[in-house]
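Visitor: Numbering (full-length UniProt numbering), first residue to last: 1 to 108.
Every residue gets a Cβ at the ideal spot worked out from N, C-alpha and C, and that includes glycine.
1) Would you list the one or two residues that DSSP bridges to residue 41?
2) For residue 21, which residues of its own chain have a beta-carbon under 8 Å away from its beta-carbon, when the five flanking residues on both sides are left out?
3) By the three-class DSSP mapping on this structure, what secondary structure does residue 12 have?
4) So, under 8 Å CB-CB, residue 24 and residue 73 are touching, yes? Tell me the CB distance rounded to an integer number of Å.
5) Expressed to the nearest angstrom, what Euclidean distance is found between the alpha-carbon atoms of residue 69 and residue 42?
6) At the level of alpha carbons, what is the spacing between residue 26 and residue 55?
7) Less than 8 Å between the beta carbons of residue 101 and residue 1, yes or no?
8) Which same chain residues end up closer than 8 Å to residue 99 when comparing Cβ atoms and leaving out the 5 residues on each side of it in sequence?
9) In whole angstroms, what is the alpha-carbon distance linking residue 106 and residue 62?
10) Among the residues of its own chain, which have a CB less than 8 Å from the CB of residue 83, if the five just before and after it don't count?
11) Compare the C-beta of residue 71 against all C-beta atoms of chain D and say whether one is closer than 8 Å.
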């Protein structure tokens, strides 16, 4: 069975995160996108230290969709250099893994 994969990204606001998330779920690139608003960020950007308000999005997908999902996310992402991190899953409840595979076309 193909393993689940979590993809972590940050976005400027909840509306953007939900719109991108819905598109990726509709395209079956992700089974679910969790949007966590209210994050405060401190980061280095082009030689300066910046602060900003962002939201985190955690996308639940499968390993075989890592590249297509990343490409689709990057194409929709408003940031010049979006953060897209693949977080391998070392273990998952079998029912959860089966649901992710089924919702992303991996159980065909």
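Guide: This is what the structure gives:
1) BP columns for residue 41 point to 52.
2) Counting only residues of its own chain and dropping the five nearest sequence neighbours on each side, residue 21 has a CB closer than 8 Å to the CB of 30, 33, 35, 57 and 59.
3) Here residue 12 sits in coil by DSSP.
4) Rounded to the nearest angstrom, the Cβ distance from residue 24 to residue 73 is 7 Å, consistent with a contact under 8 Å.
5) Counting only the Cα atoms, residue 42 lies some 26 Å from residue 69.
6) Going by the C-alpha atoms only, they are around 21 Å apart.
7) The Cβ atoms of residue 101 and residue 1 sit closer than 8 Å to each other.
8) Around residue 99, the same chain offers 31 as residues with beta carbons nearer than 8 Å, after the five sequence neighbours per side are excluded.
9) Each residue's Cα considered, the two are about 8 Å apart.
10) Excluding residues within five positions, the ones whose Cβ falls inside 8 Å are 8, 9 and 10.
11) Of the protein chains in the structure, only one exists, and it is not chain D.
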